[in-house]
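Report on the structure given below.
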Amino acid sequence: GDSVTQMEGPVTLSEEAFLTINCTYTATGYPSLFWYVQYPGEGLQLLLKATKADDKGSNKGFEATYRKETTSFHLEKGSVQVSDSAVYFCALDSNQAGTALIFGKGTTLSVSS
Amino acid sequence: EPEVTQTPSHQVTQMGQEVILRCVPISNHLYFYWYRQILGQKVEFLVSFYNNEISEKSEIFDDQFSVERPDGSNFTLKIRSTKLEDSAMYFCASGGQETQYFGPGTRLLVL
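If you read the protein sequences in the order shown, they are chains W and L. Every letter in the first sequence is one number past the one before it in our numbering, and letter 98, counting from 1, is 98. Start counting at 1 in the second sequence, then tack on 113, and there's your number in our numbering.
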């Protein structure tokens, strides 16, 4: 079945460092891809998404490009801030309304000043 | 900006008791979902709901679970007889055609 694999955490960075969190997927068909973020004590917030190959999702300085050839959707940010400390989840769905999101295990990011 | 809301934020119950978790989805959304996240593990899909019926459910969603949309705004998840392993964060989500928006979650602890 469909699945998402994320790099293991935790990731520990200094403020202003470059961030990459790897995400690869296995899916039949043409899924939509998502990054959700979970700040401490809060729920899941949609960070960005891409619905087809070569699309780039972006939000709050984060970017991810849907790469069909490598089945990847890596999350990047050029300069992280302490406030970016959170758990990041990569997810996919089958691009049909009402179907389940399949999540990766999540990657914890800790940014220090 | 509209949000999905959930109540209660925390619930502690005894094993074998029934619990009802409540959600108010975003008002113009048509698709509703429940997920759970056991501490330290990934977020897992439980069930989706559309047009007043279940459209998809996972293996986790067994006969102990049920969902209901009792009125035009609420969407509930009932666990009939809780087990220790039901302890988790339960997230409600709602969506249109493309994207699901999550509530803040209910942390359920079964003792």
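Glycine included, every Cβ here is placed at the ideal spot set by N, Cα and C.
Item                                                                                                                                                                                                                          : Value
Helix, strand or coil: how does DSSP classify Ser-85 of chain W here?                                                                                                                                                         : coil
What residues in the region 45 to 60 of chain W have a beta carbon less than 8 Å from any beta carbon of chain L?                                                                                                             : Gln-45, Leu-46, Lys-49 and Thr-51
Can you tell me whether Glu-181 of chain L is helix, strand or coil according to DSSP?                                                                                                                                        : strand
Any beta carbon from chain W within less than 8 Å of Val-156 of chain L's own beta carbon?                                                                                                                                    : yes
Which residues, taken in chain order from the region 119 to 131 of chain L, show a beta carbon closer than 9 Å to some beta carbon of chain W?                                                                                : Gln-119
Is there a C-beta anywhere in chain L that falls below 8 Å from the one on Gly-9 of chain W?                                                                                                                                  : no
State whether the region 137 to 146 of chain L contacts the region 26 to 35 of chain W, with contact taken as three or more CB pairs (one from each stretch) at a distance under 8 Å.                                         : no
For Pro-217 of chain L and chain W, any beta-carbon pair shorter than 8 Å?                                                                                                                                                    : yes
Scan the region 138 to 219 of chain L and note each continuous beta strand (DSSP E) run of 3 residues or more that stays entirely inside, going in chain order.                                                               : 144 to 150, 156 to 163, 166 to 170, 178 to 181, 188 to 192, 201 to 208 and 213 to 215
In chain L, which residues lie less than 9 Å from Ser-32 of chain W when you measure between Cβ atoms?                                                                                                                        : Glu-211 and Thr-212
Go ahead and pull the three-state DSSP assignment for Thr-56 of chain W.                                                                                                                                                      : Going by the sequence as given, residue 56 of chain W is Lys instead of Thr. The answer is strand: DSSP assigns Lys-56 of chain W an E or B state.
If we define contact as Cβ-Cβ less than 8 Å, is Phe-204 of chain L a contact residue for chain W?                                                                                                                             : yes
Which same chain residues end up closer than 8 Å to Ser-72 of chain W when comparing Cβ atoms and leaving out the 5 residues on each side of it in sequence?                                                                  : Asn-22, Cys-23, Thr-24 and Tyr-25
From the DSSP output, in three-state form, read off Ala-17 of chain W for me.                                                                                                                                                 : coil
Could you tell me which of W:Lys-77, W:Arg-67 and W:Thr-70 sits nearest to Asn-59 of chain W, measuring between CA atoms?                                                                                                     : W:Lys-77
Whether or not the region 144 to 152 of chain L and the region 196 to 208 of chain L are in contact is what I'm after, with contact meaning three or more pairs of Cβ atoms, one per stretch, closer than 8 Å; do they touch? : yes
Considering only residues of the same chain and omitting the five flanking positions on each side of Thr-120 of chain L, which have a CB-CB separation below 6 Å?                                                             : Arg-135
Please say whether Gln-45 of chain W and Val-87 of chain W have beta carbons closer to each other than 8 Å?                                                                                                                   : no
Check whether the Cβ of Glu-114 of chain L lies closer than 8 Å to any Cβ atom in chain W.                                                                                                                                    : no
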